[in-house]
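A.B. asks:
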Amino acid sequence: MGNKRFGEKGQALLIVVLVMVVSATVGLSLASRTVTTLRTSTEEENSQRAFSAAEAGVERALQTGSGIAQQSPIDSTTVIKEVSVQAVSGTEFLVNGGSLIPQNDATDIWLSDIGTSYDNPTYANPWTGIISIHWGTLVDACSIDVNVNTMAAIQLTVIAGSRTAPVARRSGFDPCAARRSSNQFYAPEIGGYSVSSRTFAYKAEILVPSGFIVRVTPLYANASIGVRGDAPLPSQGRRIESVGESGETQRKIQVFDAPPLIPSEFFPYILLVPRS
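Under numbering that gives the first Met the number 0, the sequence shown is numbered contiguously, ending at residue 275.
1) Using beta-carbon positions only, say whether I129 and I224 come within less than 8 Å of one another.
2) Please look up how many angstroms separate the CB atoms of G210 and L61, rounded, as I've assumed it's under 8 Å.
3) By the three-class DSSP mapping on this structure, what secondary structure does A49 have?
4) Quick check: R237 and G97, are their CB atoms within less than 8 Å of each other?
5) Measure the alpha-carbon distance for K202 versus D144 and round it to whole angstroms.
6) For chain B, find out if any of its Cβ atoms is closer than 8 Å to the Cβ of G66; answer yes or no.
7) To the nearest whole angstrom, what separates the beta carbons of T77 and R48, a pair I think is in contact under 8 Å?
8) Find out if the Cβ-Cβ distance for the pair E240, Q253 is shorter than 8 Å.
9) Nearest-angstrom Cα distance between Q314 and G135?
10) Tell whether a beta-carbon distance below 8 Å holds between N148 and A220.
11) Which two residues bound the contiguous alpha helix (DSSP H) that contains A176?
12) Counting C-beta neighbours from all protein chains within 10 Å, is the total for D173 16 or more, i.e. buried, or is it exposed?
13) Per DSSP, what kind of secondary structure is L232 in: helix, strand or coil?
14) Starting from L155, follow the beta strand (DSSP E) in both directions and report where the run begins and ends.
15) Does the Cβ of V206 have 16 or more other Cβ atoms within 10 Å, making it buried, or fewer, making it exposed?
16) Count the other CB atoms within 10 Å of the CB of D107; is the residue buried (16 or more) or exposed (fewer)?
17) Provide the residue span of the beta strand (DSSP E) that contains G89, from first to last.
18) Taking just the CA atoms, how far does R179 sit from G190?
19) In the DSSP output, which residue or residues are listed as bridge partners for I212?
20) I need the DSSP call for A186, collapsed to helix, strand or coil.
21) What distance in whole Å lies between the Cβ atoms of I153 and L260, which are believed to be in contact at a cut-off of 8 Å?
22) Pull the bridge partners of A222 from the DSSP assignment, please.
23) Given a threshold of 16 other Cβ atoms within 10 Å of its Cβ, counted over all protein chains shown, does G64 qualify as buried or as exposed?
24) Kindly identify the DSSP beta-bridge partner or partners of G128.
25) Given that a residue counts as buried once 16 or more other Cβ atoms are within 10 Å of its Cβ, and exposed if not, what is S131?
26) Measuring straight from C-alpha to C-alpha, what distance separates D229 and E204?
27) So, helix, strand or coil for A60, using DSSP?
28) Taking a contact to mean a Cβ-Cβ separation below 8 Å, would you say A186 touches D139 in this structure?
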């Protein structure tokens with residue numbers, strides 16, 4: 000009889016202990032979930048604040064044309080950590096910072112001086128030399144089927160001559176042999192060409208006499224464009240890199256600030272040059 004009561008008491012004690020353990024586990028789980036939620040919420044807020052600070056740094060650089068060497072506070076916990084502004088020029092560079100240029104969208108390579116204002120370029124000091132345009136990769140797929148094709152061709156429009164009577168000459172280069180029979184483009188050189196630490200598969204080389212601008216238009220597919228000249232090319236714009244910080248979170252934004260496309264009034268002077 001005594002053993003029975005002792006067993007019942009032991010079972011009751013065990014049940015109480017189990018209930019306490021389960022309650023403690025549920026409590027710890029809820030507390031852990033609450034802490035995790037608070038931490039995630041704080042991290043997301045800091046990330047948004049840091050990104051906004053980086054955006055503010057880009058805006059300041061666009062307004063002033065210069066970077067920020069020392070951190071600039073936005074509020075008590077958020078700062079513009081640093082902003083760098085680098086002119087893009089020289090004998091080799093990536094167009095638009097190396098970003099993909101959509102097919103049929105044009106981008107301009109400046110051979111003459113932009114001047115201090117992008118809205119009013121001077122077109123001074125036209126450039127003479129050999130310029131090579133690079134694009135594509137060796138794994139690009141050449142196909143007449145637009146759903147399969149990833150291989151871009153490029154059309155080059157060189158604007159040269161005098162400022163009062165500029166002339167534009169066009170040429171096209173296509174690495175896809177299946178298309179060249181119909182578009183009558185030149186075949187580019189094929190290899191491994193390094194431009195600003197990026198490797199391209201195709202190269203189109205042209206001689207430019209007294210050039211103002213080369214307009215590059217990818218066709219059939221999007222393309223990143225690398226440029227090389229046998230003499231230094233003038234400024235193409237500015238690469239802006241801004242870092243914002245909030246709490247322990249940092250966010251970085253990279254922007255390429257380029258001049259607008261050339262005025263359309265140049266194009267009535269276009270002269271089509273047939274392939275020989």
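Note that beta-carbon positions come from the ideal geometry of N, C-alpha and C, so glycine has one too.
Fair warning: this is a prediction, and the values are worked out from it, not measured in the lab.
C.D. replies: Reading from the atomic positions:
1) Residue 129 sits at position 130 when you count from the first residue of the sequence shown. Residue 224 sits at position 225 when you count from the first residue of the sequence shown. Not in contact: I129 and I224 (Cβ atoms no closer than 8 Å).
2) As a first step, residue 210 must be located in the sequence shown, where it is residue number 211. As a first step, residue 61 must be located in the sequence shown, where it is residue number 62. Their Cβ separation, rounded to whole angstroms, is 28 Å, which puts G210 and L61 out of contact at 8 Å.
3) Residue 49 sits at position 50 when you count from the first residue of the sequence shown. Residue state for A49 is assigned as helix, using DSSP reduced to three classes.
4) In the sequence shown, counting from the first residue as 1, residue 237 sits at position 238. In the sequence shown, counting from the first residue as 1, residue 97 sits at position 98. In this structure, G97 does not lie closer than 8 Å to R237 by Cβ.
5) What you label residue 202 is simply residue 203 of the sequence shown in a count that begins at 1. What you label residue 144 is simply residue 145 of the sequence shown in a count that begins at 1. The alpha-carbon atoms of K202 and D144 are separated by roughly 24 Å.
6) The question asks about chain B, but that chain is absent: this structure has only one protein chain.
7) Locating residue 77 in the sequence shown gives position 78, counting from the first residue. Locating residue 48 in the sequence shown gives position 49, counting from the first residue. Rounded, the Cβ-Cβ distance is 5 Å, consistent with contact.
8) The residue given as residue 240 occupies position 241 in the sequence shown. The residue given as residue 253 occupies position 254 in the sequence shown. Yes, the Cβ-Cβ distance between E240 and Q253 is below 8 Å.
9) What is shown of the chain runs 0 to 275, which leaves residue 314 out entirely.
10) Taking the sequence shown and counting its residues from 1, the one referred to as residue 148 is at position 149. Taking the sequence shown and counting its residues from 1, the one referred to as residue 220 is at position 221. Yes, these two residues count as a Cβ contact at 8 Å.
11) Translated into positions along the sequence shown, residue 176 becomes position 177. That run of the alpha helix (DSSP H) goes A176 to N182.
12) Along the sequence shown, read from residue 1 onward, the residue named residue 173 stands at position 174. Under this definition D173 is a buried residue.
13) Locating residue 232 in the sequence shown gives position 233, counting from the first residue. In the structure shown, L232 sits in a strand (DSSP, three-state: E or B).
14) Taking the sequence shown and counting its residues from 1, one reaches residue 155 at position 156. Start and end: A152 to G160.
15) Position 207 of the sequence shown holds residue 206. In the sequence as displayed, the identity of residue 206 is Leu instead of Val. With fewer than 16 Cβ atoms within 10 Å of its Cβ, L206 is classed as exposed.
16) Here residue 107 corresponds to residue number 108 of the sequence shown, with the count starting at 1. When all chains shown are included, D107 counts as buried.
17) Numbered from 1 along the sequence shown, position 90 holds the residue referred to as residue 89. First-last of the beta strand (DSSP E) with G89: G89 to L93.
18) By 1-based counting over the sequence shown, the position of residue 190 is 191. By 1-based counting over the sequence shown, the position of residue 179 is 180. Distance between the alpha carbons of G190 and R179 is about 19 Å.
19) Residue mapping note: residue 212 aligns to position 213 of the sequence shown, counting from 1. DSSP, once it has assigned bridges, lists W109 and I158 as partnering I212.
20) Reading the sequence shown from its first residue, position 187 is the one you call residue 186. It is coil, neither helix nor strand.
21) For the purposes of this step, residue 260 is taken as residue 261 along the sequence shown, with counting starting at 1. For the purposes of this step, residue 153 is taken as residue 154 along the sequence shown, with counting starting at 1. 16 Å between Cβ atoms; not a contact.
22) For the purposes of this step, residue 222 is taken as residue 223 along the sequence shown, with counting starting at 1. Beta-bridge pairing links A222 to I100.
23) Position 65 of the sequence shown, counting from 1, holds the residue named residue 64. Exposed.
24) For the purposes of this step, residue 128 is taken as the residue at position 129 of the sequence shown. G128 pairs with V207.
25) Translated into the one-based positions of the sequence shown, residue 131 becomes position 132. S131 is buried by the Cβ-count criterion.
26) Numbered from 1 along the sequence shown, position 230 holds the residue referred to as residue 229. Numbered from 1 along the sequence shown, position 205 holds the residue referred to as residue 204. Going by the C-alpha atoms only, they are around 11 Å apart.
27) Taking the first residue of the sequence shown as 1, we reach residue 60 at position 61. Helix, per DSSP.
28) For the purposes of this step, residue 186 is identified with residue 187 of the sequence shown, where counting begins at 1. For the purposes of this step, residue 139 is identified with residue 140 of the sequence shown, where counting begins at 1. It is not a contact, given that the beta carbons lie outside the stated cut-off.
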